[in-house]
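Chemist: Sending over a structure as C-alpha cells; questions will come in a sec.
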Amino acid sequence: MTVKVYGAILVLILALAMVFSGCTDTSGENQTSTDGVNVEETTTYIVGIDGEYKPYSYVDTDGNPVGFDVDSIKWIAEKEGFEVEIIPVAWDGIIPALMAGKIDMVYSGMTITDKRLEQVNFSIPYWKVNQSVAINDVNNYTMDDFMSGKYIIGAQSGTSGAQWVEENLIDTGIMPAENFKNTYSTFPLVSEDLKNQRIDFAIYDKPPMLEAIEGKPLSIIGEIDTNEEYGVAIRKSDVELLETINDGLTQLMADPYWEELKTEYGMVE
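Numbering-wise, the sequence shown is residues 39 to 307 according to the working numbering.
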C-alpha cells in the first residue's frame, strides 16, 4: 500500500470522527469556550399559557406574552437560574401538551382540581379566585335565574367554570345539557356571544371576566364561592422542577416585587 493510500485512509478516518462527534447531545452539559474555560449551559423551560387570559397571561399588540403570571415566571427564572420560552396554547389542549412534552409547565391561572391532579402535579398555591356570572345589560336576569337551569349558559372549554356548571347544574339534573355551550376556545368568544345575546349567561374567573367585558354592555351579577386556588402545573416525573418552582414562588411572594405586580395588574386583594 502506497503512502498516498495511507494518507487518504487517514483523512477519511478523521472526517468520520468529526461527523460522529457532532451527533452528541450536549444540552445541559458544560461546554468549553475558545479560551478553554468550561461554560455551563442554562436550562430553558417551555411555559404554556392561555394567550387571552388578562390579567394573568395574554399576548400584547406586538405579539409578546405579558401579564401577571408571565412576569412572575420571568422573575422566578432569573432567581433560580434558568431561561423560559413562553408560548400560547389552546386551553382545552394545554394539559395534553404538557403530558406530551411539548411544554414543561402551565403557568396561567390554572385552578388546582382533583381531576387535574390525576394527571399532573401542582406547585404551592399562589392565588385564590371565585367564579363570576355575567349577563347582557338588556336583561334583568338574576343569580336565581342562572341557578334555575332554564337559560343558556356559555363557558370556555376546559375551564373550572365549565366544570362547575357540569357538576352542579347538568349532573344534578337541574339543567339540560343542551342549554350549556362550552365549546368556545377562548373566553372573548363567550363574551362576544353574550353581547350578541346568543347566550343568556357567561361564567368565568372574576379578574379575567372584568377584563373581558370592559367596554361592552355586559355586567357581573354575582359570584360563586368556589374558593379556587391557582398553581403551576408540572409533569409528575419532573420532581426537581416542581421543587424549583415551589422555591421560586415562595421567594416571590415574600419579595416586595409581588406587591408591585399585584398593583400593576389591578389585583390588589
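Note that beta-carbon positions come from the ideal geometry of N, C-alpha and C, so glycine has one too.
T210 by DSSP, collapsed to three states: which one?
Modeler: coil
Chemist: Going residue by residue through the segment 76-122, where are the continuous alpha helix (DSSP H) segments of at least 4 residues, counting only ones entirely within it?
Modeler: 106-118
Chemist: Output the boundary residues of the alpha helix (DSSP H) element that contains M291.
Modeler: 277-292
Chemist: Suppose the cutoff is 6 Å on Cβ atoms and the five residues either side in sequence are ignored; what does the same chain contact list for I283 look like?
Modeler: S161, V270
Chemist: Helix, strand or coil, according to DSSP, for L232 in the structure here?
Modeler: Looking at L232 - three-state DSSP - the assignment turns out to be helix.
Chemist: In this structure, does DSSP put Q201 in helix, strand or coil?
Modeler: helix
Chemist: Compare the C-alpha of M185 against each of S198, N177, I208 and name the closest.
Modeler: I208
Chemist: Could you spell out the range, first to last residue, of the alpha helix (DSSP H) harbouring S186?
Modeler: 181-186
Chemist: Residues in its own chain within less than 6 Å of T288 by CB, not counting five upstream and five downstream?
Modeler: none
Chemist: According to the neighbour-count rule (16 or more other Cβ atoms, all chains shown, within 10 Å of its Cβ), is V176 buried or exposed?
Modeler: exposed
Chemist: Between the segment 134-141 and the segment 293-305, do three or more beta carbon pairs fall short of 8 Å?
Modeler: no
Chemist: Would W129 count as contacting chain C if we go by Cβ distances under 8 Å?
Modeler: Any reference to chain C falls outside this structure, which holds one protein chain only.
Chemist: Suppose the cutoff is 7 Å on Cβ atoms and the five residues either side in sequence are ignored; what does the same chain contact list for D98 look like?
Modeler: Its chain contains V104 as the residues whose beta carbon lies nearer than 7 Å to that of D98, once the 5 sequence neighbours on both sides are disregarded; these appear in chain order.
Chemist: Can you tell me where the alpha helix (DSSP H) holding I162 begins and where it ends?
Modeler: From DSSP, I162 is part of no alpha helix (DSSP H); its letter is neither H nor E.
Chemist: Where do the N-terminal and C-terminal ends of the beta strand (DSSP E) with I272 fall, by residue?
Modeler: From DSSP, the beta strand (DSSP E) with I272 extends over 256-273.
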